[in-house]
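*Asks:* With our numbering, letter number 42 in the first sequence gets 132, and the count goes up by one each step, no holes.
From the three backbone atoms N, C-alpha and C, an ideal C-beta is built for every residue, glycine too.
Owing to the predicted nature of the structure, the values given are computational and were not obtained by experimental measurement.
Next up is a structure, given as structure tokens.
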Amino acid sequence: MDRHLRTRRILDTIRDIPEGRVASYGQIADITGLVRGARQVGYALRTLPDGHDVPWHRVITVSGRIAFEKGSSRFKEQRERLMMEGIAVNTGRIDMRTFRWQPDLDELLWKPSSAWDES
DNA sequence: CTGATGACTATAG
DNA sequence: CCTATAGCCATCA
């Protein structure tokens with residue numbers, strides 16, 4: 091698969107995360123149809139172009155933590171953005187059982203291209 | 001081609 | 001809960 095197409099699909103999936111919800115890197119990869127692609131999701135986010143409209147702050151690690159080093163400026167910015175939309179971040183951690191995005195079947199079927207359209 | 005890198009994860013202690 | 005370690009894999013130098 092072409093890398094730009096893959097990146098576009100990853101970002102499209104992230105755009106689907108509703109406000110007030112979070113998803114893990116691996117979850118985004120799975121929904122996008124990438125196998126063991128968590129690191130690729132991280133790479134796509136690392137290379138975001140200026141003027142993007144991707145809610146990058148809603149992507150965290152599977153253990154419910156912000157991936158950046160605690161105390162770093164990026165960590166603080168992400169925590170701020172999350173709290174801004176009502177997501178509790180306690181001691182750098184987020185309760186996945188409460189805030190994890192759980193798209194229903196309808197939502198996934200609406201965008202089947204990501205999973206099996208190779209083009 | 002080869003080795004290093006990283007916004008990842010699962011597992012073990 | 002934490003750290004260490006080992007897989008993971010597209011990119012890059």
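Buried or exposed: where does Q192 fall if 16 or more other Cβ atoms within 10 Å of its Cβ makes it buried?
*Replies:* Q192 should be labelled exposed.
*Asks:* Identify every residue that forms a DSSP beta bridge with I150.
*Replies:* In the DSSP output, where bridge partners are listed per residue, I150 has S114.
*Asks:* I'd like to know whether the C-beta atoms of R187 and V144 end up nearer to each other than 8 Å.
*Replies:* It is not a contact, given that the beta carbons lie outside the stated cut-off.
*Asks:* Does the count of Cβ pairs from the stretch 121-133 and the stretch 168-181 closer than 8 Å reach three?
*Replies:* No, they do not touch.
*Asks:* In this structure, what does DSSP give as the bridge partners for R155?
*Replies:* DSSP output for R155 lists R183 as bridge partner(s).
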